[in-house]
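Worksheet: one structure, shown below.
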Ligand SMILES: Cc1cc2nc3c(=O)[nH]c(=O)nc-3n(C[C@H](O)[C@H](O)[C@H](O)COP(=O)(O)O)c2cc1C
């Protein structure tokens with residue numbers, strides 16, 4: 004199946020999980036890059052934007068989704084909300100009729116509010132949401148043990164099976180998924 008995996012990652016955990024998901028599904032990875040500096044006041048403004056459901060400015064944004072049959076939208080969870088970069092992607096891509104799957108990455112793997120908000124946004128732009136998954140990224144506490152890159156990639160690989168099952172199985176070719184990195 005021709006699958007696009009689009010993600011934003013500030014600290015890197017979502018990026019590692021996305022790598023694993025791409026390995027497992029053959030999907031094409033596309034990173035969303037926020038143009039705003041996140042240090043000091045920048046992060047505060049980014050969090051405010053997340054809370055208010057606002058977007059941001061992306062660096063070299065690519066909103067092309069037409070060639071893909073299906074889309075995975077991955078976001079870190081910030082105070083119970085999707086990251087602004089993902090909101091911007093959803094606002095600008097032509098999603099009408101696209102099948103999508105949401106992945107929320109958080110310091111806990113229970114963020115139903117963030118998923119519900121993303122689902123609402125995706126369906127408001129004409130996409131259908133076939134499923135969602137949650138993954139455990141970094142716990143925002145310097146004392147907490149960080150998962151290794153290998154562990155994060157393994158999480159993504161595991162998630163791949165759920166994603167494959169959520170999209171109609173007939174979309175997968177008998178030879179298995181075939182995608183190429185962008
Ligand atoms: C300011 C801030 C707010 C966060 N809020 C939440 C939250 O509400 N729920 C949650 O599960 N994790 C929360 N986290 C943790 C991140 O979602 C987690 O560290 C994630 O792995 C970050 O993804 P990244 O490494 O791709 O940037 C928060 C992290 C930061 C820095």
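Residue numbers (this note's numbering): 4 to 185. Glycine residues also receive a C-beta, built at the ideal position from the N, C-alpha and C atoms. Quick caveat, the model's predicted, so the values are computed rather than measured.
Using DSSP bridges, identify the partner residues of residue 70.
BP columns for residue 70 are empty, so no partner.
Taking only runs of the alpha helix (DSSP H) that begin and end inside the region 114-162, which ones reach a length of at least 4 residues, in chain order?
115-127
Taking the straight line between their C-alpha atoms, what separation do you get for residue 161 and residue 23?
8 Å
Around the C-beta of residue 167, are 16 or more other C-beta atoms found within 10 angstroms, so that it is buried, or is it exposed?
buried
Please tell me whether residue 132 and residue 10 are closer than 9 Å, where the distance is taken between their beta carbons.
no
Tell me, to the nearest whole angstrom, how far the beta carbon of residue 136 is from that of residue 106; I am working on the premise that it is less than 8 Å.
Taking a contact as a CB-CB distance under 8 Å, the pair residue 136 and residue 106 counts as one, their CB atoms being some 5 Å apart.
Which residues in the same chain have their Cβ closer than 6 Å to the Cβ of residue 165, if we skip the five residues on either side of it in sequence?
136
Does DSSP put residue 60 in a helix, in a strand, or in coil?
coil
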